[in-house]
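Enquirer:
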Amino acid sequence: MIIDCHGHYTTTPPAVGEYRENQKAQVAKDPLFVGEKGSIHITDDEIRDSIVNNQLRLQQERGTDLTIFSPRASWMGHHVGNEHTSQFWTEHQNDLIRRVCDLFPENFVPVAQLPQSPGVDPAKSVSEIVRTVEEMGFIGINLNPDPSGGHWNGSSLADRSFYPIYEKMCEYDIPAMVHVSASCNDCFHTTGSHYLGADTTGFQQLMMSDVFKDFPDLKVIIPHGGGAVPYHWGRFRGLALDKGFDLEERVLNNIYFDTCVYHQRGIDLLLDIIPTKNILFASEMIGAVRGVDPETGHYFDDTKRYIDNNTVLTAEQKQDIFEHNTRRVFSRLKL
Numbered sequence: 001m002i003i004d005c006h007g008h009y010t011t012t013p014p015a016v017g018e019y020r021e022n023q024k025a026q027v028a029k030d031p032l033f034v035g036e037k038g039s040i041h042i043t044d045d046e047i048r049d050s051i052v053n054n055q056l057r058l059q060q061e062r063g064t065d066l067t068i069f070s071p072r073a074s075w076m077g078h079h080v081g082n083e084h085t086s087q088f089w090t091e092h093q094n095d096l097i098r099r100v101c102d103l104f105p106e107n108f109v110p111v112a113q114l115p116q117s118p119g120v121d122p123a124k125s126v127s128e129i130v131r132t133v134e135e136m137g138f139i140g141i142n143l144n145p146d147p148s149g150g151h152w153n154g155s156s157l158a159d160r161s162f163y164p165i166y167e168k169m170c171e172y173d174i175p176a177m178v179h180v181s182a183s184c185n186d187c188f189h190t191t192g193s194h195y196l197g198a199d200t201t202g203f204q205q206l207m208m209s210d211v212f213k214d215f216p217d218l219k220v221i222i223p224h225g226g227g228a229v230p231y232h233w234g235r236f237r238g239l240a241l242d243k244g245f246d247l248e249e250r251v252l253n254n255i256y257f258d259t260c261v262y263h264q265r266g267i268d269l270l271l272d273i274i275p276t277k278n279i280l281f282a283s284e285m286i287g288a289v290r291g292v293d294p295e296t297g298h299y300f301d302d303t304k305r306y307i308d309n310n311t312v313l314t315a316e317q318k319q320d321i322f323e324h325n326t327r328r329v330f331s332r333l334k335l
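Residue numbers (full-length UniProt numbering): 1 to 335.
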């Protein structure tokens, strides 16, 4: 089996966007607007059409079997509105992911968005972890290290305010993917710099902290190939040694990297630097880069090809990346 650990529902039916635009309009009038969850009317046929003609078609064309599926990352929009806005929006997004996975149980399994909001205690997100894992069968979460949307004025992932989330993750044995949402700071392009910068920043915050000492069983995925981390592995090793610890011992029992890297040489570097046991196959399809690479004639995000074409890994190592490592990290995955 080939499992893609990083997929988002980027092809939602129009009613989802209409609900969000209405929310935005209300909080623009009144930043303290509470409102209510309300409803989004979407038929099963609309969901089927949005998946069959998009993610499912590409799964079949590219030879993957299963996608670990979460709400559209750029739409999490934790910087929009207030904690009530985020709570209602998050619940709808997770409810929708559950419906997708119920309609296509052999192709998709659910991961949850959290209702984070700037200035709001991260512990308030724990209830949504409980709801989605205990009541809805979700197998992981996405954790935003910067709910401000590119201003980075909140707490570090090393801060003890995140500890209730880490405690619940360890209790349920679920991983978190460190994933920001859209940038509202013009200095940062959402997918080109904000995502990759956040990957690198999240790694740095965790490696310099006591989080993994306090939570030795915690599992964290740094997406998009780890941002700058593999390319600058020597820098991080040097920083670690300056602080008196060994980088590999500090992070490689807890941190994993996905393969959302969109060219062969980038994947080859990742596979060369990071131990195979710490790499999970992923494409983020359908996501940030959707076009065809004119140099190869293939889609940039057809990442299975890059693993297949690597000439260094053994067949067993490739299967670890495609399946076995992901099953180990997402221990609640039973398919």
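Every residue, glycine too, gets a C-beta built ideally from N, C-alpha and C.
1. Could you tell me which residues DSSP pairs with G7 in its beta bridges?
2. Cα separation between V251 and S156?
3. I'd like the span of the beta strand (DSSP E) that includes F257, first residue to last.
4. Leaving aside the five residues before and after T276 along the sequence, list all residues of the same chain whose C-beta is less than 8 Å from its C-beta, in chain order.
5. By alpha-carbon positions, which one of G7, P118, S39 ends up nearest to N22?
6. Would A288 pass as an interface residue toward chain C - the criterion being a Cβ-Cβ separation below 8 Å?
7. Using the C-alpha atoms, what's the distance from C101 back to L114?
8. Please give the ranges of any alpha helix (DSSP H) in the segment 251–321, keeping only runs that are unbroken, at least 4 residues long and fully inside the region.
9. Within the continuous alpha helix (DSSP H) that includes M169, where are the two ends?
10. For H41 versus P223, is the C-beta distance shorter than 8 Å?
11. Check whether the Cβ atoms of V220 and N254 sit closer than 8 Å, and answer yes or no.
12. Would you mind working out which of H232, A28, L66 sits nearest M285, comparing C-alpha positions?
13. With H, G and I counted as helix, E and B as strand and the rest as coil, what does DSSP make of N142?
14. What residues in its chain sit with their C-beta under 7 Å from that of Q26, if we drop five residues either side in the sequence?
15. Does the beta-carbon of V292 have 16 or more other beta-carbons within 10 angstroms, so that it is buried, or is it exposed?
16. Alpha carbons only, please: which of E135, G234, D258 is nearest the one belonging to E248?
17. Are the segment 142–162 and the segment 173–184 touching, with three or more C-beta to C-beta distances below 8 Å?
18. How close, in whole Å, do the beta carbons of G287 and D301 come, if the pair is a contact with beta carbons under 8 Å?
19. Just to confirm, are V120 and F138 a CB contact at a threshold of 8 Å?
20. In chain order, what residues of the same chain lie with their CB nearer than 6 Å to the CB of G81, ignoring the 5 residues before and after it?
21. Pull up the distance between the alpha-carbon of R20 and that of P14, whole angstroms please.
22. Give the range of the beta strand (DSSP E) segment to which F108 is assigned.
23. Does DSSP put residue 342 in a helix, a strand or coil?
24. Which runs of the alpha helix (DSSP H), 4 residues or longer, sit entirely within the segment 36–62?
25. One question on the structure: do L103 and I47 come within less than 8 Å of each other, judged by their Cβ atoms?
26. Tell me A28's beta-bridge partners as DSSP assigns them.
27. Short of 6 Å in beta carbon distance, which residues of its chain neighbour L280, apart from the five on each side in sequence? Order them along the chain.
28. Strictly by DSSP, which residues pair up with A176?
29. Determine the DSSP secondary structure at F104, reduced to helix, strand or coil.
Expert: Reading from the atomic positions:
1. According to DSSP, G7 bridges with F69.
2. Rounded to whole angstroms, V251 to S156 spans 17 Å at the Cα level.
3. Segment 255–258, the beta strand (DSSP E) holding F257.
4. If you ignore the 5 residues before and after T276, its C-beta comes within less than 8 Å of the C-beta of L313, Q317, D320, I321, N325, all in its own chain and listed in chain order.
5. The shortest C-alpha separation from N22 is found at S39.
6. No chain C is part of this structure, which consists of one protein chain only.
7. So the two alpha carbons sit approximately 18 Å from each other.
8. Counting whole runs of 4 or more residues, the segment 251–321 contains the alpha helix (DSSP H) stretches 264–273, 304–309, 315–319.
9. 163–172 is the extent of the alpha helix (DSSP H) around M169.
10. No, the Cβ-Cβ distance between H41 and P223 is not below 8 Å.
11. Judged by beta-carbon spacing, N254 lies within the 8 Å limit of V220, meaning their Cβ atoms are closer than that value.
12. In terms of CA proximity to M285, L66 leads the group H232, A28, L66.
13. Per DSSP, reduced to three states, the secondary structure at N142 is strand.
14. Taken in chain order, the residues that qualify are F33, G35.
15. Answer is exposed; the Cβ neighbour count stays below 16.
16. Nearest C-alpha to E248: G234.
17. Yes, the segment 142–162 touches the segment 173–184.
18. So it is a contact: roughly 6 Å between Cβ atoms.
19. Taking 8 Å as the Cβ cut-off, V120 and F138 do not qualify as a contacting pair.
20. These residues qualify, in order along the chain: V27.
21. Roughly 10 Å between the two C-alpha positions.
22. Unbroken beta strand (DSSP E) run through F108: 108–110.
23. The question about residue 342 has no answer here: the residues shown for the chain are numbered 1 through 335.
24. Counting only unbroken stretches of 4 or more residues, the alpha helix (DSSP H) elements lying wholly within the segment 36–62 are 44–52, 55–62, in sequence order.
25. Their beta carbons are under 8 Å apart, which means L103 touches I47 by this criterion.
26. BP columns for A28 are empty, so no partner.
27. Short of 6 Å from the beta carbon of L280, and not among the five residues preceding or following it, lie these beta carbons of its own chain, in chain order: C5, Y256, D258, N325, T326.
28. Looking at the DSSP assignment, A176 forms a beta bridge with I141, V220.
29. Assignment of F104 by DSSP, reduced to helix, strand and coil, places it in the coil class.
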